[in-house]
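Numbering (my numbering), first residue to last: 1010 to 1454. Where is the CB? At the ideal position from N, CA and C, for every residue including glycine. One structure below.
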């Protein structure tokens, strides 16, 4: 693959007709701004990241997480561009110089397709079709659509959200640039190619759109049959993934300290573990010299140091393995290819997170409640899509926004409208609909 082709400012839905521009923003900056001002982006403020939505202590939600990932992503892209321009002088003055902006915009969008309650919500959707009341539908649906349902992925849903032409909307969805769209597709294949992990990057309904984008940019194709489409990753996906990996792991540690799931001593050990002993002492001395005694403030400084170190390591890995990445032969993530010291420290953070954070009572309670809410919504709304003429079905269908094609004659289209509707809900809205469906609450007049 070649950088000059991989970085494209061509817009989905405006390949021939280009809108008139009235300012000096680049096309990639327009992507960023368009996302920031969009309703799906705003809704992430009411979607769970890991911990319950804020009470007296503010922790991260999907919106704050995405903003932080975007910040780290911009640094990764800018630093990679700076180093690779020295290596490839022919890239100076080209669109390649804007990869920091592309990665930053992709980072904003990477979680926009996640349903309410995070991974618990994803699993509830999958389980409804795999082992729940929706198993009977398999005989009525195509093999590729059934694979999409039983492997439902927030990643694939983000690509759909940005590219699908919903009812009454314009062609091309958000009308994003090709490079930005390709940069969010972490698993560039259909659900039929998902394998054991079940991860995939686009639904069958958007597979031809991804194929068009990837072929235009010269992304290496691995499989090109009608339903089993697979490509290697666009190189910028590695930077988006690294920014996400860095932020969710390190910021979850900081949130756990705020919620007193981890002691200060445990948190300090984890965050300083990314440095050799000499640098650890320098960081401690710097904190002491500035007179910082508040433990939360100390954690903030150490967290910033850890993120900076990981960002630098990932940049080095990307530049060192540029040829493998462009050839589609790079194995694993940037994080997994870091220097052994940082790699081991990241592994320790991951292990502690699993033991002390993700299995904590406060997180498990959210997952249990979220799963039940999503299970109920799936049962009632899918039944409404399958049997639209029942009285209760008609009442539920009236709640759908006009952009969702719930009145279609095609069953698969109606089922996809249900997934579009549910996955677009915030946690609070999903809870509200759940309570109304079950007669737990009535509207306040």
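- About 15 Å separates the CB atoms of residue 1260 and residue 1119; that is not less than 8 Å, and the two are not in contact.
- Boundaries around residue 1240 are those of the beta strand (DSSP E), 1238 to 1240, since no alpha helix (DSSP H) includes it.
- Between the segment 1342 to 1359 and the segment 1110 to 1119 there are fewer than three inter-stretch CB-CB distances shorter than 8 Å, so the stretches are not counted as touching.
- Taking 7 Å as the cut-off, the beta carbon of residue 1165 is found closer than this to the beta carbon of residue 1211.
- Nearest C-alpha to residue 1366 among 1258, 1117, 1176 and 1251: 1258.
- Judged by beta-carbon spacing, residue 1443 lies beyond the 7 Å limit of residue 1429, meaning their Cβ atoms are not closer than that value.
- Residue 1204 and residue 1253 have their alpha carbons spaced roughly 23 Å apart.
- Residue 1307 is not a Cβ neighbour of residue 1324, given a cutoff of 7 Å.
- Less than 7 Å divides the Cβ of residue 1019 from the Cβ of residue 1187.
- Contact annotation, residue 1171 with residue 1182: C-beta distance approximately 5 Å; criterion of less than 8 Å satisfied.
- Pairing residue 1396 with residue 1077, the inter-Cα distance amounts to about 43 Å.
- When secondary structure is reduced to three states using DSSP, residue 1407 falls in the coil class, being assigned neither helix nor strand.
- A contact between stretches requires three or more CB pairs, one per stretch, nearer than 8 Å, and the segment 1222 to 1238 meets this requirement with the segment 1193 to 1202.
- Only buried fits residue 1130, as 16 or more other CB atoms lie within 10 angstroms of its CB.
- Judged by DSSP secondary structure, residue 1314 falls outside any beta strand (DSSP E) and instead within the alpha helix (DSSP H) spanning 1304 to 1329.
- Proximity of the segment 1431 to 1439 to the segment 1377 to 1393 meets the contact definition, three or more beta-carbon pairs being nearer than 8 Å.
- In the DSSP assignment, residue 1018 falls outside any beta strand (DSSP E), carrying neither H nor E.
- By the Cβ neighbour-count rule, residue 1152 is exposed, with fewer than 16 other Cβ atoms within 10 Å of its own.
- Here residue 1357 is not near residue 1448, since their CB atoms are 7 Å or more apart.
- In this structure, DSSP gives residue 1198 an extended state, which the three-state scheme calls strand.
- Between the C-alpha atoms of residue 1425 and residue 1128 there is a straight-line separation of about 19 Å.
- When rounded, the separation of the alpha-carbon atoms in residue 1390 and residue 1184 is 29 Å.
- DSSP lists 1240 as the bridge partner or partners of residue 1230.
- Counting along the chain, residue 1434 sits inside no alpha helix (DSSP H), nor does DSSP assign it H or E at all.
- Annotation: the continuous alpha helix (DSSP H) that includes residue 1384 extends over 1370 to 1395.
- Distance from the Cα of residue 1361 is smallest, within the candidate group 1310, 1277 and 1330, for 1277.
- Taking the CA atoms as reference points, residue 1368 sits about 39 Å from residue 1223.
- For residue 1084, the number of other beta carbons within 10 angstroms of its own is at least 16, and it is reported as buried.
- Secondary structure within the segment 1248 to 1281: not one fully enclosed beta strand (DSSP E) run of 3 or more consecutive residues is present.
- In the three-state reduction of the DSSP assignment, residue 1336 falls in the helix class, which pools H, G and I.
- Taking residue 1227 as the centre and dropping the five residues before and after it, the same chain places the C-beta of 1010, 1011, 1014 and 1015 closer than 7 Å to its C-beta, in chain order.
- The straight-line gap separating the alpha-carbon atoms of residue 1217 and residue 1180 is approximately 14 Å.
- In the DSSP assignment, residue 1070 is bridged to 1057.
- Residue 1203: not part of any alpha helix (DSSP H); DSSP gives it neither H nor E.
- Checking the DSSP bridge columns, you'll see residue 1186 partnered with 1020.
- When DSSP states are grouped into helix, strand and coil, residue 1412 belongs to the coil group.
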